[in-house]
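Student: In the working numbering, the protein residues as written are 63 to 223.
Quick reminder that beta carbons are idealized off the backbone N, C-alpha and C, glycines included.
Source: prediction; values computed, not measured.
The structure follows.
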Amino acid sequence: MEASAFGEGLSSGHAGIDAQHQELAAASAELRVLLEAEDRLAAGPALERLRLATQAHFRFEEELMAQGYEHARNHREDHASFLAELGRISAELETGITAKVRLWVASRYLSWFRYHARSADAGLARYLRRREEELAAAAQAGAQAAPDAGPKAKAAPAAAP
Ligand SMILES: [Fe+2]
Ligand SMILES: [Fe+2]
63 MEASAFGEGL SSGHAGIDAQ HQELAAASAE LRVLLEAEDR LAAGPALERL
113 RLATQAHFRF EEELMAQGYE HARNHREDHA SFLAELGRIS AELETGITAK
163 VRLWVASRYL SWFRYHARSA DAGLARYLRR REEELAAAAQ AGAQAAPDAG
213 PKAKAAPAAA P
């Protein structure tokens, strides 16, 4: 089915990121239909909405990276160069629904996202999971240490011979 085909392969392993990927995939599929129908009046605003939604998605991820993520710089650069590409396609659409615009929306948009989701975004998702686990472990250690820190603290095992 078309609905599952355009949204597949966009999983990074982070629920919030992946939900946005699905929304972007749906928006790009809608735009694709408008371009195929040669509906330039509707296609212009639809591409602008897709551009803004893509930009908002990148900002969302970049905020998640803000706390010391080691690949933040490369990841941000990937986002910036893709947004620049999207900007060029927007400018091209001003001149009309060209083959380049149609092909970019039909193929390039999602193929970029599929690659990016399983490389850069998956790396970010792993980092966020690891950090969450570390924070949970630290909180648990803290909770255990507090009540045990009293008289029991000196319970040393019998010395080995
Ligand atoms: Fe990303
Ligand atoms: Fe993403």
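Beta carbon of Asp183: closer than 7 Å to some heavy atom of ligand 3?
Tutor: You won't find ligand 3 in this model; what it holds is ligand 1 and ligand 2.
Student: Please classify Glu132: does DSSP put it in a helix, a strand, or coil?
Tutor: coil
Student: Quick one: Cα of Arg102 to Cα of Ala168, how far?
Tutor: 16 Å
Student: Starting from Arg121 and walking both ways along the alpha helix (DSSP H), at which residues does that stretch end?
Tutor: 102-127
Student: Buried or exposed, going by whether 16 or more other CB atoms sit within 10 Å of the CB of Ala218?
Tutor: Confidence in Ala218 is poor, its pLDDT being 48 and thus under 50, which makes the residue's placement too unreliable to answer from.
Student: Given a cut-off of 8 Å, decide if Gly71 and Arg176 are closer than it, judged by their beta-carbon atoms.
Tutor: yes
Student: On the criterion of 16 or more Cβ atoms from any shown chain inside 10 Å, does Glu123 qualify as buried, or is it exposed?
Tutor: A buried status is given to Glu123, since no fewer than 16 other beta-carbon atoms sit within 10 Å of its beta-carbon.
Student: Work out the CA separation of Phe120 and Arg150 for me, nearest whole Å.
Tutor: The alpha-carbon atoms of Arg150 and Phe120 are separated by roughly 18 Å.
Student: By the 10 Å Cβ neighbour count, where 16 or more other Cβ atoms means buried, how is Leu165 classified, buried or exposed?
Tutor: exposed
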